[in-house]
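The structure under discussion appears below in the form of structure tokens.
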Amino acid sequence: MDTKHDDPILNLLIVRIQRGDQTACTELYDLYAPGVYRLAYSVLLHRQDAEDVVQEVFVYVFRNLKLYDPNRGQFRTWLYTITISRCRNARRRKMLPTVALSDLLLLGLEPHGPESENPEAASLREDANRVLAQALKTLSSRLREAVALRYGQGLTYREMGEILNIPPKTAESRIRLSHEALRSAMHPNDIALLEEFLG
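Quick note, the sequence shown lines up with residues 328 to 526 if you use the numbering used here.
Put into structure tokens, the structure is as follows:
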């Protein structure tokens, strides 16, 4: 197995899974399920639906691991491509609302700060979360997917392009468009608030 795209530990896990090692399945799930959940939640904005997508993704992965070709790209890219596809299916199937207050998780903001957070910082965080959630409601699902992959998962434009089946320049363009859309949807005072919060 060519290891130029993935790390050796992952490649060994894949070989073990292909040989029927159930422990390796658990290890792979434990390694990647949190990222798959974050991506699914960022796109679907519904906890239970995101959990369902995680299950669907890993059932597919374990049944179809033989389809993964390390020479064509990283495992994570293949996995996130499957995740985005399952999220799109879930949205179509249930006609889910595309935005909720928890949109703020797309950019890694948490609704609750640390318990030791001072009241002024807590108030600033809550205001920033509210502003961001309102602004993210204005994005189309395509732009929100791009934002989730770029900021929620930290992917490059090339990786985003592979997952979304678009050229890297289109992925970059979607991020630029999302920035413009967010900027135009927000009041200048709200932009200043977010800049202060994000540092």
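Glycine is no exception: its CB is placed at the ideal position from the N, C-alpha and C atoms.
Taken atom to atom, the span from the alpha-carbon of Gln375 to that of Ala473 is near 22 Å.
With distances taken between CA atoms, Ser412 lies nearest to Arg469 out of Arg399, Ala455, Arg469, Asp454.
Its Cα nearest to that of Leu509, the residue Arg471 stands out among Tyr364, Cys414, Arg471.
Collapsing the DSSP output to three states places Pro397 in coil.
With fewer than 16 other Cβ atoms from the protein chains shown falling within 10 Å of its own Cβ, Leu394 counts as exposed. Within the same chain, Cβ atoms closer than 7 Å to the Cβ of Ser505 are found at Leu466, Leu470, Ala473, Val474, the five residues on either side in sequence being excluded.
About 24 Å separates the beta carbons of Gln349 and Tyr407, which is beyond the 8 Å limit, so they are not a contact pair. With 16 or more other Cβ atoms inside 10 Å of its own Cβ, Phe402 counts as buried. Separation of Ala512 and Ala455 (C-alpha to C-alpha, rounded to the nearest whole angstrom) is 14 Å. When the five nearest sequence neighbours on each side are left out, the beta carbons in the same chain lying within less than 7 Å of the beta carbon of Ala351 are those of Leu340, Arg343, Ile344, in order along the chain. In summary, Glu486 is buried, with 16 or more beta-carbon neighbours lying within 10 Å of its beta-carbon over all protein chains present. Straight-line measurement puts the Cα of Lys496 at about 10 Å from the Cα of Arg503. Under the Cβ criterion (8 Å, minimum of three pairs), the region 457 to 465 does not count as touching the region 378 to 388. Taking the Cα of Val363 as reference, the smallest distance to any Cα among Trp405, Asn398, Leu463 is reached at Trp405. DSSP places His506 inside the alpha helix (DSSP H), whose first and last residues are 495 to 512. For Tyr359, the enclosing alpha helix (DSSP H) begins and ends at 349 to 371.
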